[in-house]
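Following: one structure in structure tokens, then a few remarks.
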Amino acid sequence: MNEIFIGKKSSAAGGWGALKSCGKQLLQSGSALSGARTMLKANQPNGFDCPGCAWGDPEHGSSFEFCENGVKAVSWEATQKRATPAFFANHTVSELRKLSDYELELNGRLTHPMRYDAQSDTYLPVAWEDAFAEIGGILKNLNSPDQAEFYTSGRASNEAAYLYQLFVRLYGTNNFPDCSNMCHEASGIGLRQAIGAGKGTVLLEDFEKADAIFVLGQNPGTNHPRMLGDLRRAAIRGAEIVVFNPVRERGLERFSDPQAKLEMLSGGSTDIASHYYQPLLGGDMAAVRGMSKAVFAAEDAAIAAGLPPVLDHDFLDEHCEGFAEYRATVDATSWDEIEDQSGLSRHDIEQAANVYMSAEKVICTWAMGVTQHLHSVATIREISNFMFLRGNIGKPGAGLCPVRGHSNVQGDRTVGINEKPADAFLDALEKEFGFTAPRKHGHNVLGAIGAMLDGSAKAFIGLGGNFARATPDSALVAKALKNLKLTVNIATKPNHSHLMPGEVSFILPCLGRTEIDLNSAGQSQVVSVEDSMSMVHGSAGINRPASPHLLSEVGIIAGIAEATLGTQTVSWPALADDYERIRSHIEATIPGFDDYNTRLRTPRGFLLRNSAAHREWNTPTGKANFFAGTLPASTVHQQARTAQTRFALQTFRSHDQYNTTVYGLDDRYRGVYGGRNVIFIHPDDLASLGAQSGDRVNVIGEYNDGVKRVAPDFRFVSYDIPRGSVAGYYPELNVLVPLGSAGDQSDTPTSKSIMVSFQKDAAA
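Shown next as structure tokens:
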């Protein structure tokens, strides 16, 4: 284990620390000068879309539309280090498994297609045509297309994702386990039920107009740092920013904008949160219910006093269904229940509600702190209820804003990566391509893992990502992958998913987002992505590829598809050679993409219309729907409290990471340096355990299914977090997330609601 140092936290997010980190990452890449030049093309109209987060680009951008984590993502991809065939020849797969995620990816970019050789326990180089032929042969010889699982990472482009889903549906299955199954699935489901659209309703420009911004369960400073610039500008002009987050996160407290010269020279910063509340894990729904209760009390008081109403009755009457039932449910929910489940006082909740009632235009934004619980869909419905009360949807400066993770996770779903496709989409595919599409719903991530474990799945193809480390119950997933006849991973760098080979296993190296993608005529190809605000824009790489042997994701998909299906129905090589042809097919089959190729050339791209943002509700009732469900009977925090020695654990990212990619071993925003095996815990909880900061413990999963789950050798870090709640980094703690615990309706692993206990580390 690395020697962990617990030290001083940054005084503010961003600032000189961010600039120093950027420099360190660029130097580590081995090409600091070219890396700096590359960053000037990040998120620019004539450049590439940052392969990091999905935060939107402003209409009038500057020359520096990137952040610290964007620099990390780009320099990590543009590194001069190479994982060549010689690297794999010198290390067995068994040896490589001993490396951490950070150590493994630090070996650099993949350069050649590789095939696993079980006899030597190494990967050996293979010709592209031989790899495609063997993969296609295995897929063709499965007893059923449903025996194959086709995973997608959210960084794949619209063009790659569309071609992938077309290939898989022509092959005959809807098995599309996708990274969105593990993060924002609840947002899509809850919003479709509430407003008839599974996406957010705001534009980036709405942050310039909002009177108040409610931030629930997210940490922009680490996960989407460019958002801090928009929050900072909102705070400076007087908007109130109300934060609900169990952990005190530096980026939500203070931010020093590296582009603000005076702030940098003076060493100053801007306060972000005007109000910061720390609910218990899983308590967000109760907190929002409490704010609605306070709004109703204020409405009753206003009516009694002959004052103007607090609620937007015009909006409620014209646009909403189920208001009376919701009001009755809120009235029946006691303050004792709300306070106990949220962990917040009535005073605090009423204070937050007063901010809401004093604002004409309100945005509510959230991320995985809301979506990775058993009751996440219900929580998002509750957030929607709250926003309906004063008509805060469908007007400038107001709306619902789920902030997605990877740069195109939303776009992948838009263009068809969905295990439960809509009939209208399948109808359109059938008309466009002249085949009969599979109608049976396929597997999501948990369904795919279950099929691997019970033997009904035989093959796995991963379009990017690190499936083995991103998923819950790490030990079981490793076993599941090794059970397979075929595993294929399309990737830019080696990761742990490659080290769990099936009977036949390939690593297929692809171009990165920053690299030039040339067609047969020597012309640079452009791909497209969709951000969290439903803006679609182009991305063209500018760097020379890391190896002449790389293919684009589109090229790799086309090669597998041709080897599996032939070219009778679709000319896969023609589509791979001209992405405009793929976009023409998208235009013909998916609403909103009219004149796709032309509009993509405009600066900043174009907006996919969201009906709910125009107060058009594509729901069965034809209106926005209130949800009148009760609060959960108990959250994991309440359950752990009764056991006294158990705690509610959430997993999250360090500041030196993005999803499963670890860029370094420091988290300066939380004061942890040199390692990742830490548990953040309240100092009074440490005292109750007879422990102190720095003590080593094993973390024990307490899910009653007979499976032993242990994360060994972690260190306690005293931190500002509610009593009974603890936190630590994934993927290291994913071993504790049980496959059997998933969100109602969403089937998302409950990575923010894990019951654990602690055992003194025998090695201490």
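In terms of the working numbering, the sequence shown is residues 37 to 800. In this text, a Cβ means the ideal position worked out from N, Cα and C, and glycines have one as well.
N-terminal and C-terminal residue of the beta strand (DSSP E) that residue i is part of
i, result
"M150", "150-153"
"R732", "732-737"
"S793", "790-796"
"S575", "571-575"
"W91", "Taken as a continuous stretch (DSSP letters only), W91 belongs to no beta strand (DSSP E), as it is neither H nor E."
"P121", "Unbroken run through P121 is the alpha helix (DSSP H), 121-125; no beta strand (DSSP E)."
"I399", "398-402"
"S292", "290-292"
"T687", "683-688"
"L544", "540-545"
Helix, strand or coil at residue i [DSSP, three-state]
i, result
"V746", "strand"
"S533", "helix"
"E185", "strand"
"N579", "strand"
"Y632", "helix"
"I40", "coil"
"A493", "coil"
"S782", "coil"
"V773", "coil"
"E768", "coil"
"D307", "strand"
"N211", "coil"
"A414", "helix"
"E551", "strand"
"R706", "coil"
"F663", "coil"
"S647", "helix"
"R677", "helix"
"S787", "coil"
"A49", "strand"
"Q408", "coil"
"Q693", "strand"
"S302", "helix"
The ligand ATP heavy atom lying under 7 Å from the CB of residue i
i, result
"D182", "Annotation note on the ligand ATP: not contained in the displayed structure, which lists no ligands."
Endpoints, alpha helix (DSSP H) assigned at residue i
i, result
"N525", "Note, N525: premise wrong, no alpha helix (DSSP H); beta strand (DSSP E) at 522-527."
"E566", "Premise fails: E566 lies in the beta strand (DSSP E), 563-566, not in any alpha helix (DSSP H)."
"V513", "510-518"
"A624", "615-625"
"S223", "221-231"
"L132", "129-132"
"L317", "It is not in any alpha helix (DSSP H) - L317 carries neither H nor E in the DSSP assignment."
"L160", "From DSSP, L160 is part of no alpha helix (DSSP H) but of the beta strand (DSSP E) over 158-161."
"V714", "From DSSP, V714 is part of no alpha helix (DSSP H) but of the beta strand (DSSP E) over 714-717."
"G595", "589-601"
Exposure of residue i, with buried meaning 16 or more beta-carbon neighbours within 10 Å
i, result
"P474", "buried"
"K467", "exposed"
"H383", "exposed"
"V672", "buried"
"K134", "exposed"
"G274", "exposed"
"R449", "buried"
"H355", "buried"
"G303", "exposed"
Proximity winner among the options, relative to residue i (alpha-carbon distances)
i, options, result
"H220", "L611, A403, R549, F663", "A403"
"K529", "H411, C546, L240", "C546"
"T306", "S47, R751, S789", "S47"
"W164", "G318, P584, S180, E185", "P584"
"D157", "E539, H650, W653, L611", "E539"
"F280", "T681, F250, I526", "F250"
"E821", "V513, Q314, E418, T365", "The structure shown does not extend to residue 821, since the chain is modelled only from 37 to 800, so the question has no answer here."
"K45", "S302, R268, Q116, R704", "R704"
"N734", "L701, I757, L769", "L769"
"Y765", "L239, G730, N713", "N713"
"A763", "H442, A395, S787, S223", "S787"
"A679", "F243, P121, F794", "F794"
"N210", "V481, P438, P149, E623", "V481"
"T550", "E104, N143, V110", "V110"
"T696", "R118, G92, D137", "D137"
Interface flag, residue i vs chain C, CB-CB below 8 Å
i, result
"C219", "The structure shown contains no chain C, having only a single protein chain."
Every unbroken beta strand (DSSP E) within the stretch 247-285, with a cutoff of 3 residues, ordered by chain: Listed in chain order, the complete beta strand (DSSP E) runs (minimum 3 residues) inside the stretch 247-285 are 248-252, 276-280.
Those runs of the alpha helix (DSSP H) which lie wholly inside the stretch 441-476 and span at least 4 residues: Within the stretch 441-476, the runs of alpha helix (DSSP H) that reach at least 4 residues and sit entirely inside it are, in chain order, 445-450, 459-469.
Contiguous alpha helix (DSSP H) assignments of at least 4 residues, all confined to the stretch 320-362: Complete alpha helix (DSSP H) runs here, min 4: 320-340, 349-355.
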